[in-house]
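Trainee: First the structure, which I've put down as structure tokens, then a few questions once you've had a look.
Number of protein chains: 2
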Amino acid sequence: MTSPISDAGPSGTSISQLGEFGLIRHLTANIRLHQPTSLTAAGDDAAVIGNDGKQTLVSVDLLVEGVHFDLTYTPLKHLGYKAVAVNISDIAAMNGTAHQIVVGIALSSRFPLEAVSELYEGMLLACNKYKVDLVGGDTTSSTSGLLISITVIGTAKAEEICYRSGARPGELLCVSGDLGAAYMGLLLLEREKAAFKANPDLQPDLEGFDYVLERQLKPEPRTDILEILRQADVKPTAMIDISDGLASEILHLCKASGTGCRIYEDKIPFDPVTLNTADSFNMLPAIAALNGGEDYELLFTIGQSDFEKIRNIRGISIIGHMTDNPGYADMVTPDNQIIPLTAQGWDALMRG
Amino acid sequence: MTSPISDAGPSGTSISQLGEFGLIRHLTANIRLHQPTSLTAAGDDAAVIGNDGKQTLVSVDLLVEGVHFDLTYTPLKHLGYKAVAVNISDIAAMNGTAHQIVVGIALSSRFPLEAVSELYEGMLLACNKYKVDLVGGDTTSSTSGLLISITVIGTAKAEEICYRSGARPGELLCVSGDLGAAYMGLLLLEREKAAFKANPDLQPDLEGFDYVLERQLKPEPRTDILEILRQADVKPTAMIDISDGLASEILHLCKASGTGCRIYEDKIPFDPVTLNTADSFNMLPAIAALNGGEDYELLFTIGQSDFEKIRNIRGISIIGHMTDNPGYADMVTPDNQIIPLTAQGWDALMRG
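Right under this line is the structure:
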């Protein structure tokens, strides 16, 4: 539980010595391009991206220190990886493929070059894994802390794009993977941070929690699920990625599609480690799934006629269905209570 | 000389009341789309941009409060306008046309809704003027101050794109408009801020300085120059926009092109108001041009054979030529001194 920033210490290389252009040269030296459409990388006023007859998808995400991440327990390399991964997830949520990113970084003078290099290393690791090219950026100073802005550009054939607005009453609501793990990872890290503050000699007690920690620190965009759906010849009617929590994302789908939704608590998929961790925090796992966020799984609707095609696919769970009650979503508990879903406030669930 | 933030005062609408999605709804309500290629605006995980057989250009810029702007004297509406304008300028510098932007905003709780609305109003004003569509964004909180990240996406035909690397020895170096004004505007605003701090009853003394103030607060990308060059059948061999100051941009061109450059001090174009303001600060106008930055004029090279085509075009000045001395640039003064250009440090020019 040490900060990668303070550790860099006095031996770190000052960025102000390098200057902005020196920093850019340093950071871009290791960039390799993967996409035939990436015609240039950093070095001009704008990157050049060739077109290939598909539609372009673009999305931007800001990550702010103290709001979206805590460098006390987030290694910068993981942070860089996550920053890219969550952007790729935005393109995946449209059923598209990410090809390029441009990166803006604002950082205060407390960050030595080594810290920024680590951040970039993580970004490039995700870029390499998902065959995404880092084609441009802007690096500047900030008056406090670190801010990362990533814009991702992808493509999809017009007829393959999945919007949030395509769900219809009666369609099935599906989710990939399992939920709640990232939030349980966050709670664990926050608990260890508090324990370390109280007693710096304490060793962190994170054994056996690898899965939920990795889900928090190093999420993966579910591009593999898109491929599985394509192979099963299923095109989701609506799709979104789970960044803010299941309840919030369901309400987004309902609002955009003009439908309602009903889900079943006992259909929400969990990993055993998530269940154990939730138990140790005396928390209902459903709360972590509904309200926790950062799982970056895909939430999507399919027509009932596609039920047979996906019912046996490992890693996809049907958790409910869309209704004709616009904007209203609820959850049926195992004991047949019906609980309205709201984007915030889980008092109703704080039972047992 | 009042702050638009503190003025919003206790009557301002708190953004935390609205929530992120309420804020996004509020901010995007007035967005109109201009481009046939903008197939969707905000509302999904990514914006969809149709392709039309051209190459895509993309660029990102971060603007950080306390680093790039001072809200003491920068109206938020102007700031929004400028943030978009400088991004359009990046695409113009590639000889391309900007079509879409995505906007990331991080802001602390001291900003009421009215402040963010003003910022957006300025952004949309620039969008409307330059027929650029705001197609997506991310709004989040920051722990201190305001940060704006804008990614601009444009297109150009492959054969029309101007890179920094295309200049050859012997070619002519040209600049659009006039230089140094934005920097003189900045010095004036800083002087008035200091005077106001010393004596808050003092009225700002900015009469007669409209031109340099507007150049600082509300710069325009020179898309008109691109059109003029097209009509004159001139394609620049290399191009860059002047954001960091003439000297720095010349060195970028030299480095990317593997050439040197010589310019002539008496060929640098100035507006009379810039000359007067520089005089009142007892500063050589050339220093403002070389080192000041933020003029957002276009700096470009053309083949000697194009000389006749542009020599009589109003608003384009030939200020020097490229040499075969890689990476080395200098300036000839009216009294025939030769001064090496460097990206920083103007001691050599602090004469007379």
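These protein sequence lines are chains A and B, in that order. So for the first sequence, the numbering used here puts the first residue at 1; every next one is plus one. So for the second sequence, the numbering used here puts the first residue at 353; every next one is plus one. The C-beta atom is built at its ideal place from N, Cα and C for all residues, glycine as well. Since the model is a prediction, treat every value here as computed from it, not as a measurement.
1) If I measure Cβ to Cβ from V410 of chain B and keep anything under 6 Å in the same chain, skipping five residues before and after, which residues do I get?
2) In chain order, which continuous runs of the alpha helix (DSSP H) of length 4 or greater are located wholly inside the segment 545-621 of chain B?
3) Got a sec: is the Cβ-Cβ distance from T414 of chain B to anything in chain A below 9 Å?
4) Could you tell me how far apart the beta carbons of K218 of chain A and Y81 of chain A are, in whole angstroms, since I believe they sit closer than 8 Å?
5) What residues of chain B sit near L79 of chain A, judged by a beta carbon separation below 7 Å?
6) Can you give me, in chain order, the residues of the segment 484-501 of chain B that have a beta carbon less than 9 Å from any beta carbon in chain A?
7) Considering only residues of the same chain and omitting the five flanking positions on each side of I263 of chain A, which have a CB-CB separation below 6 Å?
8) Can you look up H420 of chain B in the DSSP assignment and give me helix, strand or coil?
9) Helix, strand or coil for P464 of chain B per DSSP?
10) The segment 164-176 of chain A: which residues have C-beta closer than 9 Å to a C-beta of chain B, in chain order?
11) Given this structure, state the Cα-to-Cα distance separating R520 of chain B from T575 of chain B, to the nearest angstrom.
12) Is T685 of chain B close to chain A, meaning its C-beta is less than 9 Å from at least one C-beta of that chain?
13) So, at 8 Å on beta carbons, what are the nonlocal neighbours of G293 of chain A in its own chain, with the 5 sequence-adjacent residues on each side left out?
14) In the structure shown, what three-state DSSP assignment does F633 of chain B receive?
15) Who are the neighbours of V67 of chain A on chain B, taking C-beta pairs under 9 Å?
16) Kindly provide the ranges of any alpha helix (DSSP H) runs that are 4 or more residues long and lie completely inside the segment 450-498 of chain B, ordered along the chain.
17) Which residues in the same chain have their Cβ closer than 8 Å to the Cβ of K267 of chain A, if we skip the five residues on either side of it in sequence?
18) May I ask you to report which of helix, strand or coil DSSP gives I513 of chain B?
19) Hey, is the segment 541-556 of chain B in contact with the segment 434-451 of chain B, meaning 3+ C-beta pairs nearer than 8 Å?
20) Could you spell out the range, first to last residue, of the alpha helix (DSSP H) harbouring L76 of chain A?
21) Taking its Cβ as the centre, do 16 or more other Cβ atoms sit within 10 Å of A510 of chain B, making it buried, or is it exposed?
22) Name the residue from A:E160, A:T323, A:I161 and A:A278 whose alpha carbon lies nearest to the alpha carbon of T259 of chain A.
23) Leaving aside the five residues before and after I91 of chain A along the sequence, list all residues of the same chain whose C-beta is less than 6 Å from its C-beta, in chain order.
24) Considering only C-alpha positions, which residue in the set B:C526, B:F561 and B:P552 is nearest to N664 of chain B?
25) For K746 of chain B, which of B:P686, B:S469 and B:I513 has the nearest alpha-carbon?
26) At the level of alpha carbons, what is the spacing between N276 of chain A and Y482 of chain B?
27) Can you tell me which residues form a DSSP beta bridge with Q407 of chain B?
28) With DSSP as the reference, please indicate the residues paired to G320 of chain A in a beta bridge.
29) Can you tell me whether N336 of chain A is buried or exposed? The criterion is at least 16 other CB atoms within 10 Å of its CB, across all chains shown.
30) So, helix, strand or coil for P624 of chain B, using DSSP?
31) In whole angstroms, what is the alpha-carbon distance linking I690 of chain B and A681 of chain B?
32) Kindly indicate which three-state DSSP category S657 of chain B falls into: helix, strand or coil?
33) For the beta strand (DSSP E) that contains I665 of chain B, what are its first and last residues?
34) Where A93 of chain A and Y163 of chain A are concerned, what is the direct C-alpha to C-alpha distance, given to the nearest angstrom?
35) Excluding five sequence neighbours on each side, which residues of the same chain lie with their C-beta closer than 6 Å to the C-beta of D557 of chain B?
36) Is P637 of chain B closer than 9 Å to F659 of chain B when the C-beta atoms are compared?
Mentor: For this structure:
1) I505
2) 562-569, 575-583 and 598-609
3) Going by the sequence as given, residue 414 of chain B is Leu instead of Thr. It does; some Cβ of chain A falls within 9 Å.
4) 6 Å
5) Going along chain B, no residue has its Cβ under 7 Å from L79 of chain A, so there is no contact; the nearest lies around 15 Å.
6) V487, G488, G489, D490, T491, T492, S493, S494, T495, S496, G497, L499 and S501
7) I319, G320 and M331
8) coil
9) coil
10) R164 and S165
11) 24 Å
12) no
13) A182, Y183, I242, S243, D244, G245 and S248
14) coil
15) A458, T492, S493, S494 and T495
16) 465-482
17) S317, I318, I319 and G320
18) coil
19) no
20) L76 to A92
21) exposed
22) A:T323
23) L57, A98, V152 and G154
24) B:C526
25) Outside the displayed range of chain B (353 to 704) lies residue 746 of chain B, so it cannot be described from this structure.
26) 56 Å
27) B:A508
28) A:L173 and A:I263
29) exposed
30) helix
31) 10 Å
32) helix
33) Here I665 of chain B belongs to no beta strand (DSSP E), and DSSP marks it neither H nor E.
34) 8 Å
35) none
36) no
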